[in-house]
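These protein sequences, in sequence, are chains A and B. Going by numbering that gives the first Met the number 0, the first sequence opens with residue 0, and the numbers climb by one from there. Going by numbering that gives the first Met the number 0, the second sequence opens with residue 0, and the numbers climb by one from there.
Number of protein chains: 2
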Amino acid sequence: MAKGLPKRAEDFSGWYNELVTKADLAEHSDVRGSMVIKPYGYAIWENMKSILDAQFKATGHQNAYFPLFIPKSYLSKEAAHVEGFAKECAVVTHYRLKTGEDGKSVVVDPEAKLEEELIVRPTSETIIWNSFKNWIQSYRDLPLLINQWANVVRWEMRTRLFLRTAEFLWQEGHTAHATKEEAIAESEKMLEVYADFAEQYMAMPVVKGWKTESERFAGANETYCIEALMQDGKALQAGTSHFLGQNFAKAFDVKFSDANGKQEHVWATSWGVSTRLMGALILTHSDDFGLVLPPKLAPIHVAIVPIYKGEEQLAQISEVAHKIKAELQELGIIVKFDDDTKRKPGWKFAEYEMKGVPVRIAIGPKDLENGTVEVARRDNLSKTGYSQEGIAPKIKELLDEIQANLLERAMKFRTDNTTEVESFEEFKQVLENKGGFILAHWDGTAETEEKIKQETKATIRCIPYDSVEEEGTCIYTGKKSAKKVLFAKAY
Amino acid sequence: MAKGLPKRAEDFSGWYNELVTKADLAEHSDVRGSMVIKPYGYAIWENMKSILDAQFKATGHQNAYFPLFIPKSYLSKEAAHVEGFAKECAVVTHYRLKTGEDGKSVVVDPEAKLEEELIVRPTSETIIWNSFKNWIQSYRDLPLLINQWANVVRWEMRTRLFLRTAEFLWQEGHTAHATKEEAIAESEKMLEVYADFAEQYMAMPVVKGWKTESERFAGANETYCIEALMQDGKALQAGTSHFLGQNFAKAFDVKFSDANGKQEHVWATSWGVSTRLMGALILTHSDDFGLVLPPKLAPIHVAIVPIYKGEEQLAQISEVAHKIKAELQELGIIVKFDDDTKRKPGWKFAEYEMKGVPVRIAIGPKDLENGTVEVARRDNLSKTGYSQEGIAPKIKELLDEIQANLLERAMKFRTDNTTEVESFEEFKQVLENKGGFILAHWDGTAETEEKIKQETKATIRCIPYDSVEEEGTCIYTGKKSAKKVLFAKAY
């Protein structure tokens, strides 16, 4: 019934690709590296967006919109930033096409060449700080707390739906503050918003921590991140929040006068999550039968499937189904009653399993006699008989239980797949045989970090907030280390 | 107090530009033709979006997302379409920058030239129909009702904030149907959705009609439109809906098999409204003191301003203000209590007038004594004393009244500025001295339409749905005409 989904144990990567297609989430477009987000996938993203957007607004942020195009020269203004982003970007050089000499094709009009090339935004720090320069004069204008929902483009050679695409959708927060402390507090606060969203809505536990210097955002003084563990034992960076110091304020000359009239450069943060979260969601919960969705993000909570022979029986079952549907809807539960007569129940069961609908209710002739229904949970595939009487609040409880169970299961998986090691031998062995998160001592140098990466392909995902202070020695160099850091192979 | 806004009667164009800036709606960016939509402007756009999005979903549409980039060759596939759009588009030719020879600047890497140039979407028919080809096989897959919220780029030489910008935000609906009739019905239905939104939410009356052949969308068999009349007597096209026939289905070879297995090309529509609606909203209602917003789209419904001397008085007034705010919020009214001690009441009054907040409540020491407040309406600038007791439901009624009054006022303005003429002399006279909508007979030819445009700058805005059948003669050629059409100078 799994319509040919490869098994995770046999071909994890193939399983993911097929699942994204078969659950109707997204597909590759003919434009290299760009994806089409299909309606069902987009509906999940819309749920993510609306929850996050409400959180941003609740924490005092306002949405705005800045240009798609960035003049090439802006990128050069912040030295580290251009280094990080100029290598992989779409460049607009002309503004007109014309009919070709064959009278049919269209060609670029060489006379319509731009004086300065425009870059399709890979991220918007430069264009936004160019605006902030005019928005900020006095301490009264601060803090300035802005968010933008937008598409961005980073040219990628190897792409995977949701996980790595040339164009993707995201939000990018950009804030300006009067003091360093306030900017740091903002970066930390937004990381908490992300972590809370990941755990409470995506049911995906995350490790909060600091990136090492070499893994920081180009132009940041500090990068905070949340790291999640996928089912194949690889890590996925699910969100980042950056303390940008005064780097962009200096690059774009953004100063404010404090209460005493003294001029000072402002302090900045930026933070973002993207459609990559869709990939993380899939890789965290789904199984060999398809997508598994936490109820809080599912576009449909409950699918009702009638099992019947003949129109008369369908009519009787439909009556019960509509009654249950109405009761569920009153509790805010989104229900689809699938009475399509062109499809068989078996097909529908497989379809809703593939699409990760959290609860399926089947109603057959025996249920009519007994006043019951069959309730199937998508998370653990168990089935139970329920009385039709008073079913709605029980389904509501069940949805909460499924949400909690998914988080718990993912937590357990992460605990089982997090290993503390004390030697490089052990490190390599765990990495090869078990995978997952590995906590190990590191001497704090970029050289050692790089060597470990070269030899093992594992990177330091973060220095966890909750890493315990302890005397230890670097697994690679034997030098002193004050705490363990989190290693893994990563998406 | 109008902070230097030019008067509409003296400099309408300057008034608009200043208002957009001073009401903090948007600003020009350094990127030629691209605007920055500021938080207050974006909040109004978000309100428009969420209402329209709910309407699209209520009429059975689903959101999806398609690539920003369109391969150049796609544009050529539909002959009329490329003619209409290829002339004004941003062309991506390269995908990488590198450090320049001076070691500092960044330059386009000539080795990273794309084999086929990519166009930044000016509209998405081609890229979407390229996907629809894979989504549609059978009549069971129809109708396919898709909408996309996106940014698009059309290179414009003369730009004005919201009204005409190189990059703008919009939604574009794209639907596929089994029959011609169904597709036409869809185009008409979506025009009704737009017209209803314009009148019920924007309080902006619109004329519904058909575009003439020469004003149709490039690639459409029929274009339906809503036309609104601005305060300076110029028309503004506020939304269009296109019946595309089988043009794109044929260009991209999209066929379906009907119930009998017969293969046929599908029928299509597309329809869109954009951030241009922000311009229409401003030009319809605003006055010499600033923005005037219909309550249904206002980010803030009520601003409460305390008038006080000293902290003690402020504390007493604040108590009353917080109570009123809480009562209003319970009725779903969005309230800002502005107790900023750094600004004077007069400054705040002017500010909320400039920003078009529908209702302002002022509370002073005398109000404390009398249990009253002063309520000012933004639409007609009138002030009335209200009792604090039971104020909330009265303010709710007042907001409804303001919404209705704005529509009524705009309706009256349109009636007063719509003139039926019978001769070309009269046509020219009215156009020059009065402006507005002009209803006149036309012989139905593109030549006459073009000549009138050349001589007067007036264009046929639409052939109105409600134009009465009557025998008449074309004002320009004297040839026979069956009904009057709507002329105006337009944005």
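Even for Gly, the Cβ is constructed at its ideal location relative to N, Cα and C.
- With distances taken between CA atoms, E82 of chain B lies nearest to A:K97 out of A:A89, A:P5, A:K97 and A:K335.
- Three or more Cβ pairs closer than 8 Å define a contact, and the segment 31 to 48 of chain A meets that threshold against the segment 297 to 305 of chain A.
- Within the model, the alpha-carbon separation for G99 of chain A versus R157 of chain A is close to 33 Å.
- For P70 of chain A, the pairing in a beta bridge is given by DSSP as A:L117.
- Chain A has no Cβ within less than 8 Å of the Cβ of P344 of chain B.
- Residue-level contact check: L162 of chain B does not touch chain A, since none of the beta carbons of chain A fall below 8 Å from its beta carbon.
- The beta strand (DSSP E) runs of length 3 or more contained entirely in the segment 171 to 197 of chain B do not exist; there are none.
- The beta carbons of S186 of chain B and F242 of chain B sit closer together than 8 Å.
- DSSP links T371 of chain A through a beta bridge to A:S386.
- Take the alpha-carbon of A250 of chain A and the one of E77 of chain A: they are about 6 Å apart.
- Around R163 of chain B, the same chain offers E155 as residues with beta carbons nearer than 6 Å, after the five sequence neighbours per side are excluded.
- Interface criterion not met: the Cβ of E424 of chain A is under 8 Å from no Cβ in chain B.
- Residue contact with chain B for V35 of chain A: present (Cβ-Cβ distance below 8 Å to some residue of chain B).
- The contact set of C88 of chain B on chain A, defined by CB atoms closer than 8 Å, consists of Y94, R95 and L96 in chain order.
- As DSSP reads the structure, M34 of chain B sits in a beta bridge with B:H27.
- Taking 8 Å as the threshold, the shortest C-beta distance from Y138 of chain A to chain B does not fall below it.
- Positions of the alpha helix (DSSP H) runs, each at least 4 residues long and wholly inside the segment 85 to 167 of chain A, are given as 124 to 134 in order along the chain.
- Taking the Cα positions, A234 of chain B is about 41 Å away from A165 of chain A.
- Taking the Cα positions, R215 of chain A is about 12 Å away from I462 of chain A.
- In this structure, V35 of chain B sits away from P305 of chain A, with a CB-CB distance that is not shorter than 8 Å.
- Distance from the CA atom of V90 of chain B to the CA atom of T92 of chain A, rounded to whole angstroms, is 6 Å.
- At least one beta carbon of chain A lies nearer than 8 Å to the beta carbon of K71 of chain B.
- In the structure shown, H264 of chain B falls within a strand segment according to DSSP collapsed to helix, strand and coil.
- For the beta strand (DSSP E) assignment, the uninterrupted runs of no fewer than 3 residues enclosed by the segment 401 to 489 of chain A are, from N- to C-terminal side, 417 to 419, 436 to 440, 458 to 463, 468 to 472 and 479 to 487.
- Here DSSP, grouped into helix, strand and coil, assigns S49 of chain B to helix.
- When the beta-carbon positions are compared, Y200 of chain A and V272 of chain A stay at least 8 Å from each other.
- Looking from the CA of N369 of chain B, the closest CA among B:L141, B:S466, B:Y385 and B:K324 belongs to B:Y385.
- Taking all protein chains in view, the Cβ of P392 of chain B is surrounded by fewer than 16 other Cβ atoms within 10 Å, so the residue is classified as exposed.
- Scanning A:F161, A:N133 and A:Q54 for the CA closest to the CA of V19 of chain A turns up A:F161.
- Following the DSSP letters along the chain, one finds E350 of chain A inside the alpha helix (DSSP H) bounded by residues P344 to M353.
- In this chain, S75 of chain B is not harboured by any alpha helix (DSSP H), its DSSP state being neither H nor E.
- Buried is the label assigned to A248 of chain A, since at least 16 other Cβ atoms lie within 10 Å of its Cβ.
- Leaving aside the five residues that flank Y73 of chain A on each side, the residues in its chain whose CB is nearer than 7 Å to its CB run, in chain order, T125, I126 and N129.
- Chain-ordered, the chain B residues with CB closer than 8 Å to the CB of S75 of chain A read K103, S104 and V105.
- Counting only the Cα atoms, E407 of chain A lies some 18 Å from L290 of chain A.
- K365 of chain B carries a helical assignment under DSSP once its states are collapsed to helix, strand and coil.
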